[in-house]
Amino acid sequence: MAKVPLHRSHHAQAQVALVLFCVGPYRAALEACHVLAMTDHPTALRTANAQALLYEGGDHDTPSNRWLTLRDTQAASDNNSTWQLGVSGDVTLKQLPANTLYPLPKLLLSRRFSTALCGLTFDQQQLVLLLDAHKLNPLSQPPALSQPTTNS
14 MAKVPLHRSH HAQAQVALVL FCVGPYRAAL EACHVLAMTD HPTALRTANA
64 QALLYEGGDH DTPSNRWLTL RDTQAASDNN STWQLGVSGD VTLKQLPANT
114 LYPLPKLLLS RRFSTALCGL TFDQQQLVLL LDAHKLNPLS QPPALSQPTT
164 NS
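Going letter by letter, the sequence shown gives residues 14 to 165 in our numbering.
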């Protein structure tokens with residue numbers, strides 16, 4: 014007996030759950046499986062503003078009105094420590110079809126502003142920057158941003 018290939022209908026496409034939020038003038042997203050919780054105020058010992066992590070300079074700072082709790086990917090696997098990412102604007106959970114998530118084109122990849130930027134998608138005709146939670150970590154912050162400067 015020959016096997017009949019199974020075809021997925023157009024409506025049964027694989028979906029990816031994303032948490033969407035604002036980073037400055039941009040809309041960004043992380044896979045929802047990396048976001049453990051959301052609060053109005055920071056509660057973790059380690060926090061970072063999304064804009065400070067993603068931009069080279071700190072002059073783009075916008076106050077964070079939501080804090081996403083993420084697992085610390087840089088910590089030892091048995092540690093299970095967390096940190097919080099400060100974001101602005103509305104935070105939404107969306108399911109998007111996997112075939113609408115695109116890797117960065119080579120030109121953008123070579124000139125991206127953060128190694129955490131890994132792809133693009135569109136939500137309601139608005140560009141959304143896809144971020145890699147494994148590369149979005151306060152420990153990966155450039156030294157100039159993580160140390161206070163003093164003027165003598």
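Each residue gets a CB set at the ideal place from its N, CA and C atoms; glycine is no exception.
Query, Result
"Beta-bridge pairing of F135 - partner residues as DSSP gives them", "L140"
"Nearest residue (CA-CA) to S94, options L58, S77 and V100", "L58"
"Range covered by the beta strand (DSSP E) that runs through S101", "T95 to P110"
"Integer-rounded CB distance, given that V141 should sit under 8 Å from R40", "5 Å"
"Cβ pair L120, V100 closer than 8 Å", "no"
"Which of helix, strand or coil DSSP assigns to P151", "helix"
"Spatial neighbours of A146 in its chain, beta-carbon cut-off 7 Å, leaving aside the 5 residues before and after", "L43, E44, H47, L83 and T86"
"Identity of the residue in H54, G102 and S77 nearest L33 by Cα", "G102"
"Own chain, CB closer than 6 Å to T4, minus 5 neighbours either side, in chain order", "Since the first residue shown for the chain is 14 and the last is 165, residue 4 is missing from the structure and cannot be characterised."
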